[in-house]
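Protein chains: 2
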Amino acid sequence: MSVATVSHVVNGSRRVSPEVKARVLKAIAALKYRRDGIARSLRMSQTRTIGLMISDISNPFFADFVRGIEDAVHARDPNYNLILCNSEEQEDKERRLFDVVLEKRVDGIVIVPAGGNRDYLNDLIGTGLPVVFADRFLPGLDADAVIVDNRDASFRLVTHLVRLGHRRIAALNAHLAATSIRERIEGYRDALEAAGIPFDERLVVTSRSRIEDAVVAGSEVLDLRPAPTAAFCTNNFMTLGLIRALSDRGLRCPEDMAVIGFDDFPWASTFRPRLTVVSQPSYALGQEAANLLFDRLLKKRTGPPVRLTLGTSLIIRESCGAHARVPA
Amino acid sequence: MSVATVSHVVNGSRRVSPEVKARVLKAIAALKYRRDGIARSLRMSQTRTIGLMISDISNPFFADFVRGIEDAVHARDPNYNLILCNSEEQEDKERRLFDVVLEKRVDGIVIVPAGGNRDYLNDLIGTGLPVVFADRFLPGLDADAVIVDNRDASFRLVTHLVRLGHRRIAALNAHLAATSIRERIEGYRDALEAAGIPFDERLVVTSRSRIEDAVVAGSEVLDLRPAPTAAFCTNNFMTLGLIRALSDRGLRCPEDMAVIGFDDFPWASTFRPRLTVVSQPSYALGQEAANLLFDRLLKKRTGPPVRLTLGTSLIIRESCGAHARVPA
DNA sequence: TTGTAAGCGTTATCAA
DNA sequence: TTGATAACGCTTACAA
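Right under this line is the structure:
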C-alpha cells in the first residue's frame, strides 16, 4: 500500500477500508513504526512545541508557574510540549537561549523577560510568532501579557506593617532589570507616603536575586542605624536571605525584626517563622499565559495585545508580628 | 547564489570567498533569515533536543536536578534544549508523555521512572535511543543509570535516631512504584534490626506522594498507640506533611516527636524546626545523568550500561532532637 | 477506495 | 570556489 494510505490511517484523515486499515495497523505494530514528528513539522510548519523562558526553575514561584502552563497546554492539546529555558536573569544568556529555541521553530513562546533584549524581542514579535509575556512585561512591546498589580500588592503588604506601628521599614530590593521589582518598591513608597512616613533611600538595600547574595544584603539591613524595626522583601530570595541573616545572628523574627515578603512558599505556613506575605497566583499566571498563547496560536483571537491582571492575596501569618488570626 | 553556498556560510562548512560571504551575510541580516532547525533535523536526523521525564518540577529536588542536567548539557553543547515532562508518578501519564516526546525525535532521554511501563521502556531501549535512568532505576532494564544508595542513606539516618535513644520509630512511606522508596524502607528496617529493635509493620504508614496526602498520613502517625517518639519520612513531601500535621495539632518538633527526612531543602537550615535529613546530590545527579547521556549520544562510550552511585550526606540539625552542633 | 507525486528547508554529494 | 540536485519522511491535492 502507499505512504498516503498509511498517513491516512495514522491520522484518521480519510476513509480507509477496514481490511487495508487492519493491515496497516498490523505492520505498524510489527515494525514498531512511529511517525516522524520532525518530517511532519516540516511539512505542516507546526512543531507542537512551546518555548518557555523563565529566570530559574529552582525558584518555587516559577516551578508552580511552569506547572500551570503545562497543565493548561495539555488541557488544550496533549500533543504539545514545553522547551524550558532558564535565563537566570542574564540578558545575554536569555538571548542565546532565544536563538537556539527559535531555530527549533517553536509554535509560540511564553516569556518572563529578564529586562533587556528589547529590540530583539520587538523583532521577534514583529515576525508574528505568538508571544506572551508573563509575570512582567516590557513597556512598549506589543504582545499579550499576564501580570499582577505589583504596586498595589506591595502597598497593601507594607501598609499592614505600618498599621502595626512600624515607622522604620527597610526594603530588600532584588536587582532585576524587569519592571516588577521597581513596581514593588513603588508600592512600598506609596504605603510610606500614605502613612506620612518620609521615604529614606538608605533603608533600601539592593541585592542580586539569589539567596547567597540576599543573605549578605540581609546582614546589611541588620546593620542599619538607627535599626529598622521591620523589613519588606521584594521577592522570595530576598525573604529567604533576610531570615537566614537573622537566624545567623541569633536574632528572632518577628521579635527582633518584623519581616514581610513578596511571594509565598508552599511550606510557609508550617515552618517558623511563619511568613506574612503577599502571594501571587503563580499557577494561575501560568494557566492564563498558556491560554492567551493558545488563543493566538489557533487564531481564536487576532486583535491587539491583551493585558491580563490577576489578583494577589495578603496572607497574614506571624513574621510581621501580628499575632492575630493565623490562617493555615 | 545557491542554497548550498548559503548553507556553507551559515555553517562555515567550506571555504567561501569573502565577497560572496559578505553578500550572504548581508542578505541574512536584511531578511532576518533564521535557519530552519526542523528541516535541518530532518536532514541530519538529529534534533539537539533531550527529553526529560521527571515526576514533578515543583518538588525542589527535581528543580535542582533539572538545573544540573541543563547546565551540564549546555556545557557540552549550548545548542541543546530540554523538553520537560512531569509524569506525576502516573504510569499512564508517563506513557502518553513518552509517546508525544518520542514522536518529536529527541536525541536522548533522561528518565526518572514512575515505576511501570517496563515493556514499553524495554522496547524503547531496544531502539538504540540513548536512555539514562536517574534517581531510580528499573531492575532488568539495560540502560545507564545514576542513583544514590538509598538503603545505606536511610540506614545512617535512622541509626542516628536510634543512637539518640528512640525505639518506637514510625516511617512515613511514600507510595511510589519505583525502587527508591522501597530501598529506603529497607534501610529503615536494617537500622532497626542492627539495633535489635523488632520491626513493627503498624509503624509504617503509607501515603500518596503529595503534601496534602502526607498531612493526613502524618496525622495517622500521630494517632498511633503507643505513640512513636520519632518518625522517618521517606521523601520530602512526607516530611512536609508530617511537620504540618504536628504543627496543626500544636505539637512541637523535636520535643513531641523527633523527625528525620530523606531529601534536603534549600531553606531547611534557616526555618524551624531545622530539619535533620539525608541529602541527595540532586544537582550532581542531573549533571552526571546528562554526561552519561552525552557520552552515548556522541558514541564516546558504547559498551554495556554503566551504573553510577553518588554519595549522600547526613545533615544533623535539630528536628531529630540532637542539639549537637547545628551546621549552617 | 487507493495511489502518485509535489513540496516543506535543509545538508551533502557530485559536477562544473 | 560555487552550483545543481537528491534525499530526509511526512501531508495533501489530484488522479485513477
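For the protein sequence lines, the chains are A and B, in the order given.
The letter at position 64 of the first sequence is residue 64 when you use full-length UniProt numbering, and the numbering goes up by one with no holes.
The letter at position 294 of the second sequence is residue 294 when you use full-length UniProt numbering, and the numbering goes up by one with no holes.
Cβ coordinates follow ideal geometry from the N, Cα and C atoms, glycine included.
Since we're looking at a predicted model, the values are computed, not measured.
- Close to A/Leu240, with beta-carbon spacing below 8 Å, are these residues of chain B in chain order: Pro266, Trp267, Thr270.
- Among the residues of the segment 95-126 of chain B, those with a Cβ less than 9 Å away from any Cβ of chain A are Arg96, Leu97, Asp99, Val100, Val101, Leu102, Glu103, Lys104, Arg105, Asp123, Gly126, in the order of the chain.
- Cβ-Cβ distances below 7 Å link A/Ala174 to Ile181, Ser207, Ser209, Thr234, Asn235, Phe237, Met238 in the same chain, with the five nearest sequence neighbours on each side left out; the list follows chain order.
- Taking 7 Å as the CB threshold, B/Gly37 lines the interface with chain A.
- A/Arg252 has a beta carbon lying at 7 Å or more from every beta carbon in chain B.
- Straight across, the Cα-Cα distance linking B/Arg14 with B/Ala4 is about 10 Å.
- The segment 92-107 of chain A and the segment 45-55 of chain A touch, with no fewer than 3 CB-CB distances between them shorter than 8 Å.
- Chain-ordered, the chain B residues with CB closer than 8 Å to the CB of A/Thr49 read Ile83, Lys104.
- Rounded to whole angstroms, the separation of the alpha carbons of B/Met53 and B/Asn291 is 16 Å.
- Of the residues A/Ala284, A/Val73, A/Ile315, A/Arg307, the one whose Cα lies closest to the Cα of A/Phe133 is A/Arg307.
- What A/Val66 touches in chain B, judged by beta-carbon distance under 7 Å, is Ile57, going in chain order.
- In the structure shown, the three-state DSSP call for B/Arg272 is strand.
- Within chain B, the residues Trp267, Thr270, Phe271 have their CB atoms less than 9 Å from the CB of A/Ile243, given in chain order.
- By the neighbour-count definition (other C-beta atoms within 10 Å, threshold 16), B/Ser313 is an exposed residue.
- Taking C-beta separations shorter than 6 Å and ignoring five residues to either side along the sequence, the partners of A/Asn81 in its chain run Thr49, following chain order.
- Taking 7 Å as the cut-off, the beta carbon of B/Pro130 is found closer than this to the beta carbon of B/Arg296.
- In this chain, the beta strand (DSSP E) harbouring A/Leu310 covers 307-310.
- The Cβ-Cβ distance between B/Ile211 and B/Gly241 falls below 7 Å.
- Taking 7 Å as the cut-off, the beta carbon of B/Leu42 is found closer than this to the beta carbon of A/Leu42.
- At least one CB of chain B lies nearer than 7 Å to the CB of A/Ala63.
- Taking 7 Å as the cut-off, the beta carbon of B/Ala170 is found closer than this to the beta carbon of B/Pro228.
- For A/Ser7, no chain B residue has a C-beta closer than 7 Å to its own C-beta; the minimum C-beta separation is roughly 14 Å.
- Chain A places a beta carbon closer than 7 Å to that of B/Asn79, counting this residue as a contact.
- If you keep only unbroken beta strand (DSSP E) runs of at least 3 residues inside the segment 231-273 of chain B, you get 258-262.
- A/Gly108 carries a strand assignment under DSSP once its states are collapsed to helix, strand and coil.
- With a 10 Å radius around the Cβ and a threshold of 16 neighbouring Cβ atoms, A/Asn11 comes out exposed.
- Cα atoms of A/Arg274 and B/Trp267: separation of roughly 13 Å, rounded to the nearest angstrom.
- In this structure, DSSP gives A/Ser207 an extended state, which the three-state scheme calls strand.
- Taking a cut-off of 8 Å for Cβ pairs, the segment 82-89 of chain A and the segment 150-157 of chain A do not touch, as fewer than three such pairs fall below it.
- Annotation: the continuous alpha helix (DSSP H) that includes A/Ile125 extends over 118-126.
- Under DSSP, A/Asp144 shares a beta bridge with A/Val132.
- Not a single CB atom of chain A sits nearer than 7 Å to the CB of B/Ser13.
- For the segment 57-83 of chain B, the continuous alpha helix (DSSP H) assignments of 4+ residues that do not extend past its boundaries occur at 60-76, in sequence order.
- A/Leu176 sits in coil when the DSSP states are folded into three classes, being neither helix nor strand.
- Secondary structure note for B/Leu157: its alpha helix (DSSP H) is the uninterrupted segment 150-163.
- Taking CB atoms only, A/Ser17 has no neighbour in chain B less than 7 Å away.
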